[in-house]
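**Q**
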Amino acid sequence: MSRTLTTLLAAALGATLLLMVLEAALHLLPVQNGLAGDDPTPDWPTHRLRPDVHYTFSDAWDLRNVHRGVTNNMGYVAPFPYRPGSDGIAVVGNSFIEGLMNRYEETLQGQLARLLPDAPAMLNFGVSGASLADYIGLGPMISRRFRVRWVVVVVVAGDFVAGFAPAPGYFGWNAGNTPSVQLRPQPVCTGAAPLLTCTEKLVRLLAIVRYTRGNLRFDLRHFLHTSVKGAPRPCVPEGLQAGDADLLAAYADRLPAAYGVPPERVILVFDADRAELYRSHGMSTSGSCATRDSVARNALAAAAASR
């Protein structure tokens, strides 16, 4: 055996042992865990978490903001099961509603349940990465399974434009067509599935993978944003593009029917305070320059208010 080959084998063995030690150490630490998506089903083809799982959430390389919670029988973050056919108030949004990083009592749905103890159950359908297209696409699925009495939709920055590039398992805009949104199917690990799909499901069991994808991703985004930010860019206001106004008007018209409720029972909540909250904590925020998304959210608010 040549000296070069011996050196390579020794290096490979050393790297393997190092990874094994790191894997064992991370298993003892609160790295993100239990946050894998469930496989789609014919009656619920959209992205959600695996049901009945105790999960761990943490931020960044140093595992900040550790929180432990549980998903319910449908794969949504709630401390109680959702009963098909029961009355409910649907609360829909992205990660701000999903609430992985908060105690349930601190979430919007948890606070509504405390303030309205005699109301139907607050059903959290928040999903990280969701957009306006998901909020209306979920409507028929939810209304078929539950007797929806009210709908609360939380709209945040990016919710409109994100619908033009949905990830697998999410709805996207189907502008100019009927229906106005279309689900992008997500791959399932079956006998005919690509090897990569099944491999991803296996490697996410590794703590190193979960730490890299879940915790370090936060810091990588921050690093890249800081590295390329440079000098402030001049404000170049944007506006709606062709077809946006019609899409938003149709959205406001069709949202109540998607959930099977009258228009007066749909409550749109627009996130307008985040920039001020961030500034009060010394965090930088984007300026007040109009973007396609911010103009769209204002247009949606006006359209909904006129209904």
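Numbering (my numbering), first residue to last: 1 to 307. No residue lacks a Cβ here, since even glycine has one placed at the ideal position from N, Cα and C. Small disclaimer: the values here were computed from a predicted structure and weren't measured.
Taking only three categories from DSSP, how would you classify F171?
**A** In the sequence shown, counting from the first residue as 1, residue 171 sits at position 171. The answer is strand: DSSP assigns F171 an E or B state.
**Q** Can you tell me whether M20 is helix, strand or coil according to DSSP?
**A** Here residue 20 refers to the residue found at position 20 of the sequence shown. M20: helix per DSSP, three-state reduction.
**Q** Would you call the segment 199-217 in contact with the segment 95-109, where contact means no fewer than 3 C-beta pairs closer than 8 Å?
**A** No, because fewer than three Cβ pairs between the segment 199-217 and the segment 95-109 fall closer than 8 Å, the two stretches do not touch.
**Q** Ends of the alpha helix (DSSP H) at A252?
**A** Indexing the sequence shown from 1 puts residue 252 at position 252. Unbroken alpha helix (DSSP H) run through A252: D244 to Y259.
**Q** Helix, strand or coil for Q111? Go by DSSP, reduced to three states.
**A** Within the sequence shown, residue 111 is the residue found at index 111, counting from 1. Three-state DSSP puts Q111 in a helix.
**Q** Starting from the Cα of E238, find the closest Cα among L255, D293 and P256 and give me that residue.
**A** Working through the sequence shown from its first residue, we reach residue 238 at position 238. The shortest Cα separation from E238 among L255, D293 and P256 belongs to D293.
**Q** Could you check whether H27 and A207 sit closer than 9 Å to each other, using their CB atoms as the reference points?
**A** For the purposes of this step, residue 207 is taken as residue 207 along the sequence shown, with counting starting at 1. For the purposes of this step, residue 27 is taken as residue 27 along the sequence shown, with counting starting at 1. Cβ atoms of A207 and H27: closer than 9 Å.
**Q** Return the bridge partner residues of G69 from the DSSP annotation.
**A** For the purposes of this step, residue 69 is taken as residue 69 along the sequence shown, with counting starting at 1. Paired residues: Y55.
**Q** Answer with yes or no whether the minimum CB distance from A207 to chain D is below 9 Å.
**A** Absent here is chain D; the protein component of the structure consists of one chain.
**Q** What's the gap between the Cα of A296 and the Cα of A257?
**A** Taking the sequence shown and counting its residues from 1, the one referred to as residue 296 is at position 296. Taking the sequence shown and counting its residues from 1, the one referred to as residue 257 is at position 257. Between A296 and A257, the C-alpha separation is close to 21 Å.
**Q** Apart from the five residues on each side of it in sequence, which residues of its chain come closer than 7 Å, Cβ to Cβ, to A133?
**A** For the purposes of this step, residue 133 is taken as the residue at position 133 of the sequence shown. Hits under 7 Å: G163, P166, F171, G172, W173 and V181.
**Q** Would you mind stating whether Y76 and R48 have Cβ atoms separated by less than 9 Å?
**A** Along the sequence shown, read from residue 1 onward, the residue named residue 76 stands at position 76. Along the sequence shown, read from residue 1 onward, the residue named residue 48 stands at position 48. For Y76 and R48, yes; Cβs fall inside 9 Å.
**Q** By a C-beta neighbour count over all protein chains shown, 10 Å radius and 16 as the cutoff for buried, is R210 buried or exposed?
**A** Locating residue 210 in the sequence shown gives position 210, where the first residue counts as 1. With 16 or more Cβ atoms within 10 Å of its Cβ, R210 is classed as buried.
**Q** Hey, out of M20, A304, D52 and S128, whose CA is closest to V70's CA?
**A** As a first step, residue 70 is located in the sequence shown; it is residue number 70 there, counting from the start. Of M20, A304, D52 and S128, the residue nearest in Cα terms is D52.
**Q** Residues in the same chain with beta-carbon distance under 7 Å from V148, minus the five sequence neighbours each way, listed in chain order, please.
**A** For the purposes of this step, residue 148 is identified with residue 148 of the sequence shown, where counting begins at 1. Only G88, A90, I142, Y259, G260 and V261 meet the Cβ criterion.
**Q** Can you tell me whether W150 is buried or exposed, with buried defined as 16 or more other CB within 10 angstroms of its CB?
**A** Reading the sequence shown from its first residue, position 150 is the one you call residue 150. The residue is buried, with at least 16 neighbouring Cβ atoms inside 10 Å.
**Q** Give me the DSSP bridge partner(s) of D293.
**A** Residue 293 sits at position 293 when you count from the first residue of the sequence shown. BP columns for D293 are empty, so no partner.
**Q** Should I267 and V152 be called a contact, given that it needs their Cβ atoms to be closer than 9 Å?
**A** Here residue 267 corresponds to residue number 267 of the sequence shown, with the count starting at 1. Here residue 152 corresponds to residue number 152 of the sequence shown, with the count starting at 1. Cβ distance < 9 Å, so I267 and V152 count as in contact.
**Q** Taking the Cβ atom as the reference point for each residue, do P185 and G169 lie within a distance shorter than 9 Å?
**A** Here residue 185 corresponds to residue number 185 of the sequence shown, with the count starting at 1. Here residue 169 corresponds to residue number 169 of the sequence shown, with the count starting at 1. A contact, by the Cβ cut-off of 9 Å.
**Q** DSSP state of R309, grouped into three classes?
**A** The chain is shown only over 1 to 307; residue 309 falls outside these bounds and no answer can be derived.
**Q** From this set, G129, D59, A10 and M74, which residue's C-alpha is nearest V156's C-alpha?
**A** The sequence position of residue 156 within the sequence shown is 156, counting from 1. The option with the nearest alpha carbon to V156 is G129.
**Q** From the DSSP output, in three-state form, read off T41 for me.
**A** Within the sequence shown, the letter at position 41 stands for residue 41. T41 falls in the strand class under three-state DSSP.
**Q** Along the chain, where does the alpha helix (DSSP H) that runs through L138 open and close?
**A** The residue labelled residue 138 in the question sits at position 138 within the sequence shown. Residues L132 to R145.
**Q** Is A90 helix, strand or coil by DSSP?
**A** Counting from 1 along the sequence shown, the entry for residue 90 is found at position 90. Three-state result, A90: strand.
**Q** In the DSSP output, what is Q182 paired with across the bridge?
**A** Position 182 of the sequence shown, counted from the first residue, corresponds to residue 182. G172.
**Q** For R274, which three-state DSSP category applies?
**A** Looking up residue 274 in the sequence shown gives position 274. Three-state DSSP puts R274 in a helix.
**Q** Return yes when the C-beta of Q241 is under 8 Å from any heavy atom of the ligand SAH, and no when it is not.
**A** The ligand SAH is not among the ligands present in this structure, which contains no ligands whatsoever.
**Q** Does the Cβ of D159 have 16 or more other Cβ atoms within 10 Å, making it buried, or fewer, making it exposed?
**A** What you label residue 159 is simply residue 159 of the sequence shown in a count that begins at 1. Buried: at least 16 other Cβ atoms inside 10 Å.
**Q** Identify which residue in P187, P263, A299 and S288 has its Cα closest to the Cα of T46.
**A** In the sequence shown, residue 46 corresponds to position 46, counting from 1. The option with the nearest alpha carbon to T46 is P187.
**Q** Would you mind stating whether P117 and S86 have Cβ atoms separated by less than 9 Å?
**A** Position 117 of the sequence shown, counted from the first residue, corresponds to residue 117. Position 86 of the sequence shown, counted from the first residue, corresponds to residue 86. It is not a contact, given that the beta carbons lie outside the stated cut-off.
**Q** Using only alpha-carbon positions, find the residue among S288, F270, T199 and G176 that is nearest to A313.
**A** Any question about residue 313 goes unanswered here, given that the chain covers just 1 to 307.
**Q** Which residue marks the beginning of the beta strand (DSSP E) containing A121, and which one marks its end?
**A** Here the question's residue 121 lines up with position 121 in the sequence shown. Run containing A121: A121 to N124, per the beta strand (DSSP E) assignment.
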